[in-house]
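Single-structure report; data block below.
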Amino acid sequence: MICIFLQITCMKKNCLICSSEFETIKFGGRREYCFNCLPSEGLNPAERKTMIRQVLKQKTLEYKGAKCNLCGYDKCIGALHLHHLDPSKKSFNLSCYKSTKWLDYKNEADKCIVLCANCHSELHWGNDKSGLVLEAAVSAKHME
């Protein structure tokens, strides 16, 4: 019987979400996220994708201040939305984007303001006939 021992090498990579350096296992692997951002066990592909999007949303909202620019709501991160101030400059919809790179999300978030679900709905449903909500939102954006 012949036994061959392979030297298992690890590669160092930077996490696409938090940018921290981590070591991959099993010959470097294809892993793109550190184990803090994405655990390695117990997730099917759909759950993994959901977890990545939730982590990216949380990081994006924290980057933007994690509260509504109009009313100050900050109780539930799931009720906070990013609203593009100028739709013509929108590269992609943050909630549907397929990339999982933090830099992509950060660059797109720079074109947005944070609104809670209520303020966002009022803005899109036309309850802001005078433009005061959007004007206040734009002012809040420039004060950052």
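With positions in the sequence shown counted from 1, the corresponding number in my numbering is that position plus 66.
Ideal placement from N, C-alpha and C gives every residue a C-beta, glycine not left out.
Could you spell out the range, first to last residue, of the beta strand (DSSP E) harbouring residue 189? Position 123 of the sequence shown holds residue 189. Residue range 183-190 is occupied by the alpha helix (DSSP H) that includes residue 189, with no beta strand (DSSP E) assigned at that position.
Leaving out the 5 sequence neighbours to the left and right, which residues in its chain are closer than 8 angstroms to residue 121 when beta-carbon positions are compared? Within the sequence shown, residue 121 is the residue found at index 55, counting from 1. Close CB contacts of residue 121 within its chain, under the 8 angstroms cut and outside five residues either way in sequence, are with 83, 103, 104 (chain order).
Could you work out which residue in 192, 127, 151 is closest to residue 140 when comparing CA atoms only? Indexing the sequence shown from 1 puts residue 140 at position 74. Among 192, 127, 151, the Cα nearest to that of residue 140 belongs to 127.
Within 10 Å of its beta-carbon, does residue 101 have 16 or more other beta-carbons around it, so buried, or fewer, so exposed? Residue mapping note: residue 101 aligns to position 35 of the sequence shown, counting from 1. It is exposed - the Cβ of residue 101 has fewer than 16 other Cβ atoms within 10 Å.
So, are the CB atoms of residue 154 and residue 174 less than 8 angstroms apart? Against the sequence shown, residue 154 aligns to sequence position 88. Against the sequence shown, residue 174 aligns to sequence position 108. Against a cut-off of 8 angstroms, the Cβ pair of residue 174 and residue 154 comes out as no contact.
Alpha carbon to alpha carbon, how far is residue 181 from residue 150? Give it in angstroms, no decimals. For the purposes of this step, residue 150 is taken as residue 84 along the sequence shown, with counting starting at 1. For the purposes of this step, residue 181 is taken as residue 115 along the sequence shown, with counting starting at 1. Straight-line Cα distance between these residues: approximately 10 angstroms.
In three-state terms, what does DSSP make of residue 169? If you number the sequence shown from 1, residue 169 lands on position 103. Residue 169: helix per DSSP, three-state reduction.
From the DSSP output, read off the bridge partner residues of residue 80. Taking the sequence shown and counting its residues from 1, one reaches residue 80 at position 14. DSSP output for residue 80 lists 87 as bridge partner(s).
Please state the DSSP three-state secondary structure of residue 127. Translated into positions along the sequence shown, residue 127 becomes position 61. Three-state DSSP puts residue 127 in a helix.
Quick one: grab the DSSP three-state call for residue 148. For the purposes of this step, residue 148 is taken as the residue at position 82 of the sequence shown. Here residue 148 sits in strand by DSSP.
From the DSSP output, which residues share a beta bridge with residue 180? Looking up residue 180 in the sequence shown gives position 114. In the DSSP output, where bridge partners are listed per residue, residue 180 has 148.
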